[in-house]
């Protein structure tokens, strides 16, 4: 009959328990460090809609640098130029009871900020989304045939969004889109002037997606981060 030395030796059991506790501490430390990195430095996200096609296809993965402009700490305050792809926080705050928020926190922690159990009922403005910055504070803008015309602050003439952005991007009109046209997304907008903390954001699929044409310009605090890199699929790898 085989004997387990741990059944007879208190010192061996004590040493074993120390090793187990040490491993648990190391695992928790790794989880905490990774969550801190994902919370404050950079986090991955999967594109779950066709709103940013063709440049950012559905089911692609990108890296996002979080934005915490309300903290008034420069390292966490991102700059959003025209053409930047941004990660929008839910436009409607979660109105969840404490226990649901606690469950969401734990699930988010152990899945490295990727999943939540309880999500808002409003699927349009209650979930995060990716959109492109077209207008920045001080801009005068209007839209014609899904193209935005911009007069920057202090300038005299309007130029198209494509003439003012530092990086080129492609947009889809209803004739190009995979969804039916005439679903209530306007192709024309009268001139507006953006305030000092207002951004006008649009999807690249102009015919089907919900954006500032419906819910108006947004404050910087609603922008949860700036997309930096598309890393999957590898064939589409590139800096954003």
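Residue numbers (our numbering): 2 to 241.
We put the CB at the ideal spot given by N, CA and C, even for glycine.
| Check | Outcome |
| --- | --- |
| For residue 159, collect the residues of the same chain with a Cβ closer than 8 Å to its Cβ; drop the 5 residues on either side in sequence, then sort them by chain order. | 141, 143, 150, 151 and 152 |
| Give me the DSSP bridge partner(s) of residue 240. | 230 |
| Count the other CB atoms, across all protein chains shown, that sit within 10 Å of the CB of residue 231; report buried if there are 16 or more and exposed otherwise. | buried |
| Hey, residue 148 and residue 166: beta-carbon distance below 8 Å or not? | no |
| Just list the beta strand (DSSP E) runs in the region 42-91, keeping only unbroken ones of 3 residues or longer that don't cross its boundaries, in chain order. | 44-47, 62-67 and 86-89 |
| With a threshold of 16 other CB atoms inside 10 Å of the CB of residue 56, please say whether the residue is buried or exposed. | buried |
| Roughly how far, in whole angstroms, is the beta-carbon of residue 87 from the beta-carbon of residue 193, given that I think they are within contact range, below 8 Å? | Contact flag wrong, Cβ pair sits at about 19 Å. |
| Between residue 209 and residue 20, what straight-line distance do the alpha-carbon atoms span, to the nearest angstrom? | 57 Å |
| Measuring CA to CA, which of 38, 236, 220 and 22 is closest to residue 91? | 220 |
| Give the single residue among 170, 168 and 139 whose Cα lies nearest to the Cα of residue 155. | 139 |
| Do you know whose CA, among 227, 207, 206 and 202, lies nearest residue 216's CA? | 202 |
| Cβ of residue 169 less than 8 Å from any chain D Cβ? | Absence of chain D from the displayed structure is noted, only one protein chain being present. |
| Determine the closest residue to residue 241 out of 39, 62, 164 and 33, with distance taken between C-alpha atoms. | 62 |
| Looking at the unbroken alpha helix (DSSP H) that takes in residue 216, where does it start and where does it end? | 213-216 |
| What did DSSP end up calling residue 193 once you bin it into helix, strand or coil? | strand |
| Taking all protein chains shown into account, do 16 or more other C-beta atoms lie within 10 angstroms of the C-beta of residue 44, making it buried, or fewer, making it exposed? | buried |
| Three-state secondary structure (DSSP) at residue 219? | strand |
| Can you name, in chain order, every residue of its own chain whose Cβ lies under 8 Å from the Cβ of residue 183, other than the five neighbours on each side? | Residue confidence is low: residue 183 scores 47 on pLDDT, short of 50, so the model does not pin down where it sits. No coordinate-derived value is stated. |
| For residue 78, count neighbouring Cβ atoms within 10 angstroms of its own Cβ and tell me buried if that reaches 16, exposed if not. | exposed |
| Just to confirm the assignment, what range does the alpha helix (DSSP H) spanning residue 164 have? | 162-165 |
| Measuring alpha carbon to alpha carbon, tell me which residue in 227, 42 and 164 is nearest residue 134. | 227 |
| Going by DSSP, name the residue or residues bridged to residue 143. | 150 |
| Looking only at C-alpha atoms, which of 199, 233 and 205 sits nearest to residue 51? | 205 |
| Based on the DSSP output, what are the partners of residue 12 in its beta bridges? | Partner(s): none; residue 12 has no beta bridge. |
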